Amino acid sequence: MKNQSLGMVAASGALLSTALLAVTPAVAQEPWSFSANIGAVSNYMWRGVTQTGDQAAVQGGLDVAHESGFYAGTWASNIDWDEGSSEDVMISPLFGDDGMPVYDDNGLPMYVGETVGSDSNSPNYELDFYAGYGNAINDDFSYDISAIYYAYPDGRDSDFAEIGASATFKWFTLGLAYTVYGENDGGLFDDGDLYYFGGADFTLPYDFGFNLRAGYYQFRHDDVVLGTMILDDGTMVDLTETANYWNYGASITKDAGDFGTFSFNWDQNNGKQDVGYDTDPKFWVGWNKEF
């Protein structure tokens with residue numbers, strides 16, 4: 002479901018509660034409402050980055066909402082981070098046939114890399130658990146606070162959890178997500194990461210909608226090691242690049258009633274390509290149906 006969709010969960014619960022009020026006598030009102038959703042996308046994009054290697058995904062979830070504004074749910078999707086396998090390399094001095102260290106023309110010791118193991122940590126699916134509270138102060142202003150746990154059961158050191166808050170005034174939303182737990186200790190998606198986001202949602206004629214969005218990911222451990230350089234004195238220095246980035250996008254949606262909601266979307270980021278970001282614009286389509 003991801004953070005940018007949590008507000009949609011709260012809104013869906015509010016809309017469902019409104020619909021129940023319209024068709025049910027006051028004495029029969031139920032404080033709790035339950036719903037399920039299923040969807041498909043041609044590319045699962047999250048914060049400007051593909052989660053499926055530009056491939057399609059099938060997604061779905063279950064939600065519960067209370068008339069007070071509390072909500073909780075779970076959501077799942079197939080993913081493909083397309084990382085391949087990783088190799089562990091040990092750097093050690095180079096020795097000659099006589100057992101003595103080998104030196105270069107400058108008299109400095111030479112080193113050799115040896116593969117000591119390999120494995121693949123890339124998970125195949127994502128399972129999210131979330132809960133929050135959202136309410137409206139008046140017709141123009143509403144707010145939402147939430148917590149979400151991103152689980153990758155078949156991956157390694159990939160899970161992380163966030164708390165977030167957002168405020169909406171008329172069409173405009175601003176929010177912040179803070180990572181409170183991460184299994185990738187010392188890397189990306191570890192505790193201390195911050196994601197700032199904002200957007201605008203507009204209702205158009207004939208059940209169309211239009212959304213603009215942008216965000217900035219600020220990682221606590223933002224330096225990614227690209228390689229190692231050996232200086233003239235033999236000192237080994239890591240070559241790094243920042244992983245922080247901006248993302249932006251837009252969507253056009255169409256509410257087709259019993260046939261669900263269709264969308265045409267664009268997402269992009271300005272991350273450093275040396276780090277592995279794909280900065281090409283991504284155009285994708287989606288469909289979602291709530292029950």
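Heads up, the sequence shown is in the numbering used here, so the first residue is 2 and it goes up one at a time.
We put the CB at the ideal spot given by N, CA and C, even for glycine.
Since the structure is predicted, the reported quantities are computational estimates derived from the model, not experimental observations.
Worksheet item: Would you call the stretch 252-269 and the stretch 215-232 touching, i.e. three or more CB-CB distances under 8 Å?
Response: no
Worksheet item: If you compare alpha carbons, which of ASP158, ALA201, PHE190, LEU205 is closest to LEU175?
Response: Locating residue 175 in the sequence shown gives position 174, counting from the first residue. Comparing Cα positions, the closest option is ALA201.
Practice prompt. Just grab the DSSP bridge partners of GLY183 for me.
Written response: What you label residue 183 is simply residue 182 of the sequence shown in a count that begins at 1. Paired residues: PHE161.
Discussion item. What does DSSP give as the partner residue(s) for TRP33 in the beta ladder?
Written reply: Here residue 33 corresponds to residue number 32 of the sequence shown, with the count starting at 1. Partner(s): HIS67.
Item to complete: Using the Cα positions of GLY235 and GLY100, report the straight-line distance between them to the nearest angstrom.
Response: If you number the sequence shown from 1, residue 235 lands on position 234. If you number the sequence shown from 1, residue 100 lands on position 99. Straight-line Cα distance between these residues: approximately 20 Å.
Practice prompt. Classify ASN293 as buried or exposed, calling it buried when 16 or more other Cβ atoms lie within 10 Å of its own Cβ.
Written response: With the chain covering 2 to 292 only, the question about residue 293 has no answer from this structure.
Fill in: GLY258 - DSSP class collapsed to helix/strand/coil
Within the sequence shown, the letter at position 257 stands for residue 258. GLY258 falls in the helix class under three-state DSSP.
Worksheet item: Considering only residues of the same chain and omitting the five flanking positions on each side of ALA58, which have a CB-CB separation below 6 Å?
Response: Here residue 58 corresponds to residue number 57 of the sequence shown, with the count starting at 1. So the list reads VAL42, TYR45, SER78, ASN79, once near-sequence residues are dropped.
Discussion item. As a quick exercise: from ASP129, ASN248, GLY199, pick the residue whose alpha carbon is nearest that of GLY61.
Written reply: In the sequence shown, the residue the question calls residue 61 occupies position 60. GLY61 has its Cα closest to that of ASP129, out of ASP129, ASN248, GLY199.
Discussion item. Please identify the residue among TYR207, VAL65, SER143, TYR179 whose C-alpha is closest to the C-alpha of ALA257.
Written reply: Looking up residue 257 in the sequence shown gives position 256. Ranking TYR207, VAL65, SER143, TYR179 by Cα distance to ALA257 puts TYR207 first.
Fill in: the stretch 173-191 / the stretch 147-161 touching (three or more Cβ pairs under 8 Å)
yes
Worksheet item: So the beta strand (DSSP E) ILE80 belongs to, where does it begin and stop?
Response: Residue 80 sits at position 79 when you count from the first residue of the sequence shown. First-last for ILE80: undefined, no H or E at that position.
Worksheet entry | Extent of the continuous beta strand (DSSP E) to which VAL238 belongs | Within the sequence shown, the letter at position 237 stands for residue 238. Note, VAL238: beta strand (DSSP E), 237-243.
Worksheet item: Who are the Cβ neighbours of ASN245 in its own chain at under 7 Å, not counting the five residues just before and after it?
Response: Here residue 245 is taken as the residue at index 244 of the sequence shown, counted from 1. Closer than 7 Å at the Cβ level, and outside the excluded window around ASN245, lie TYR218, GLN219, PHE220, ASP223.
Worksheet entry | Endpoints, beta strand (DSSP E) assigned at SER147 | Here residue 147 refers to the residue found at position 146 of the sequence shown. Element bounds for SER147: 142-152.
Practice prompt. For PRO154, count neighbouring Cβ atoms within 10 angstroms of its own Cβ and tell me buried if that reaches 16, exposed if not.
Written response: As a working note, residue 154 is residue 153 in the sequence shown. Result: exposed.
Worksheet item: Do you know offhand how far VAL286's Cα is from ASP141's?
Response: Counted from its first residue, the sequence shown places residue 286 at position 285. Counted from its first residue, the sequence shown places residue 141 at position 140. So the alpha carbons of these two residues sit roughly 30 Å apart.
Worksheet entry | TYR104 classed as buried or exposed, judged by whether at least 16 other C-beta atoms fall within 10 angstroms | Position 103 of the sequence shown, counted from the first residue, corresponds to residue 104. Counting Cβ neighbours within 10 Å, TYR104 comes out exposed, since fewer than 16 surround it.
Item to complete: Could you tell me which residues DSSP puts in a beta bridge with GLN269?
Response: On the sequence shown, position 268 is the one that residue 269 refers to. TYR249.
Fill in: Cα-Cα separation between GLY133 and GLY272, rounded to whole angstroms
As a first step, residue 133 must be located in the sequence shown, where it is residue number 132. As a first step, residue 272 must be located in the sequence shown, where it is residue number 271. Distance between the alpha carbons of GLY133 and GLY272 is about 30 Å.
Practice prompt. Below 6 Å CB to CB, which residues in the same chain sit around TYR151 once its five sequence neighbours on both sides are set aside?
Written response: Locating residue 151 in the sequence shown gives position 150, counting from the first residue. The residues are ASP129, PHE161.
Item to complete: With a cut-off of 8 Å on the beta carbons, I'd call LEU63 and THR53 a contact; round off their distance for me.
Response: On the sequence shown, position 62 is the one that residue 63 refers to. On the sequence shown, position 52 is the one that residue 53 refers to. Between LEU63 and THR53, the beta carbon gap of about 22 Å keeps them out of contact (Cβ cut-off 8 Å).
Practice prompt. Could you pull out every residue in the same chain whose Cβ sits closer than 6 Å to the Cβ of ILE231, ignoring the five residues on either side in sequence?
Written response: Within the sequence shown, the letter at position 230 stands for residue 231. Within the same chain, ILE231 has close Cβ partners MET237.
Worksheet item: So the beta strand (DSSP E) ASN289 belongs to, where does it begin and stop?
Response: Here the question's residue 289 lines up with position 288 in the sequence shown. It spans 283-291 - the beta strand (DSSP E) in which ASN289 sits, taken as one unbroken run.
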